[in-house]
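Structure record follows, encoded as structure tokens.
Protein chains: 2
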Amino acid sequence: MARRKGKMQEEVLEVLRRHDQPQTAYALLAEMRADHPLLAPTTIYRALDALMERGAIHRLESLKAFVIRRHEDQGDACLMAICDECGAVEERLAPRLIDDVSAEAAKSGFAPTRHVIEVHGRCAGCEPGDTAR
Amino acid sequence: MARRKGKMQEEVLEVLRRHDQPQTAYALLAEMRADHPLLAPTTIYRALDALMERGAIHRLESLKAFVIRRHEDQGDACLMAICDECGAVEERLAPRLIDDVSAEAAKSGFAPTRHVIEVHGRCAGCEPGDTAR
DNA sequence: TCTCTTGTGTTACTTTATAACATCACAGTA
DNA sequence: TACTGTGATGTTATAAAGTAACACAAGAGA
Numbered sequence: 109m110a111r112r113k114g115k116m117q118e119e120v121l122e123v124l125r126r127h128d129q130p131q132t133a134y135a136l137l138a139e140m141r142a143d144h145p146l147l148a149p150t151t152i153y154r155a156l157d158a159l160m161e162r163g164a165i166h167r168l169e170s171l172k173a174f175v176i177r178r179h180e181d182q183g184d185a186c187l188m189a190i191c192d193e194c195g196a197v198e199e200r201l202a203p204r205l206i207d208d209v210s211a212e213a214a215k216s217g218f219a220p221t222r223h224v225i226e227v228h229g230r231c232a233g234c235e236p237g238d239t240a241r
Numbered sequence: 109m110a111r112r113k114g115k116m117q118e119e120v121l122e123v124l125r126r127h128d129q130p131q132t133a134y135a136l137l138a139e140m141r142a143d144h145p146l147l148a149p150t151t152i153y154r155a156l157d158a159l160m161e162r163g164a165i166h167r168l169e170s171l172k173a174f175v176i177r178r179h180e181d182q183g184d185a186c187l188m189a190i191c192d193e194c195g196a197v198e199e200r201l202a203p204r205l206i207d208d209v210s211a212e213a214a215k216s217g218f219a220p221t222r223h224v225i226e227v228h229g230r231c232a233g234c235e236p237g238d239t240a241r
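These protein sequences, in sequence, are chains A and B. All the letters of the first sequence, read from the start, carry residue numbers 109 to 241 under this note's numbering. All the letters of the second sequence, read from the start, carry residue numbers 109 to 241 under this note's numbering.
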């Protein structure tokens, strides 16, 4: 039953790669049931956990959904810009900004370990003000 | 059955005031069932939605939980520092920081409307390095 | 071959959240 | 007083998200 090393992780990654929008665990599950009819949520969540641990994907807390990471090697030091119109997500590296956020939290002696920085709005393509109108 | 204007909202607020840690919707539900044995999730979620809309409470996306807001009048322009040790949450006003986050997102033409900025870590009281050891 | 570790299968369940429709309470007003 | 409109709440049912616990399989190395 267990095929080989991290097969599920790779399959989940591949499905995520086919989408440029974040996918929920259950959307992934539904899609993967084409190949694995008996697939259970547990399996998906385990794969997702492992992928997050190795920095390959990112969980968007405010969407309860997952996306591929463009910058795998940067820890959690990024900002996610989420377009509420088209659903697109832009991962933006901003180490200085994350430092500023940490510094702000640290003012009261807080020691940060993980950052959740998600901005909702409209992406350039969906924003009416600029090119269209 | 419906008592009067926003009664549920006030009751939910009162329960939240009795806790200094964030509460999940179902924790609130359980607590409020002491007074209202037949209370349904729907009712709680409606009250929570209304309270969020008027800025009285804040939803912590990464905890799926809700806290009282200290700074009701500041829109979403705040940073939440969440202690993973004791569960305490500090709401910190940081308009300049939020502006910086917006500016960073705006670099690609993104137009921000809502900010989710949550920092996990250890609060001063739980951090071993400083006073204790 | 043995054994250890890691990943996966399986079953069942908990927690979180929403949809759809009925009903009630208050305000305004006729 | 009765009428009516609106918004909050009640009620029922279900969807969506996530986890626990235990069993088994597949490689890796001894």
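The C-beta atom is built at its ideal place from N, Cα and C for all residues, glycine as well. Keep in mind it's a predicted model, so treat the numbers as computed, not measured.
- Taking Arg-125(B) as the centre and dropping the five residues before and after it, the same chain places the C-beta of Ile-176 closer than 7 Å to its C-beta, in chain order.
- Under DSSP, Glu-226(A) shares a beta bridge with Met-188(A), Val-224(B).
- If you ignore the 5 residues before and after Gln-129(B), its C-beta comes within less than 6 Å of the C-beta of Gly-195, all in its own chain and listed in chain order.
- The closest CA to that of Glu-212(A), considering only Ser-216(B), Glu-198(B), Glu-212(B), is found on Glu-198(B).
- Nearest to Glu-226(B) by alpha-carbon distance, out of Ile-206(B), His-144(B), Ala-232(B), Arg-141(B), is Ile-206(B).
- Between the stretch 113 to 122 of chain A and the stretch 146 to 159 of chain A, the count of Cβ pairs shorter than 8 Å is three or higher; the stretches touch.
- By a beta-carbon distance limit of 8 Å, Ala-185(A) contacts Leu-201(A). Their separation comes to about 7 Å.
- Here the alpha carbons of Ala-232(A) and Ser-216(B) stand approximately 7 Å from one another.
- Contact with chain B is found for Phe-218(A), since one of that chain's Cβ atoms lies less than 8 Å from the residue's Cβ.
- With distances taken between CA atoms, Cys-234(A) lies nearest to Phe-218(B) out of Val-224(B), Phe-218(B), His-223(B).
- One thing to note: Met-140(B) has its Cβ no nearer than 8 Å to the Cβ of Leu-168(B).
- Only those residues of the stretch 199 to 214 of chain A whose C-beta falls short of 8 Å from the nearest C-beta of chain B are listed: Arg-200, Ala-202, Leu-205, Asp-208, Val-209, Ser-210, Glu-212, Ala-213.
- The continuous beta strand (DSSP E) containing Arg-167(A) extends over residues 165 to 168.
- For the stretch 165 to 199 of chain A, residues whose beta-carbon sits nearer than 8 Å to a beta-carbon of chain B comprise Glu-169, Ser-170, Leu-187, Ala-189, Cys-191, Asp-192, Glu-198.
- Among the CB atoms of chain B, one or more fall inside 8 Å of the CB of Ala-232(A).
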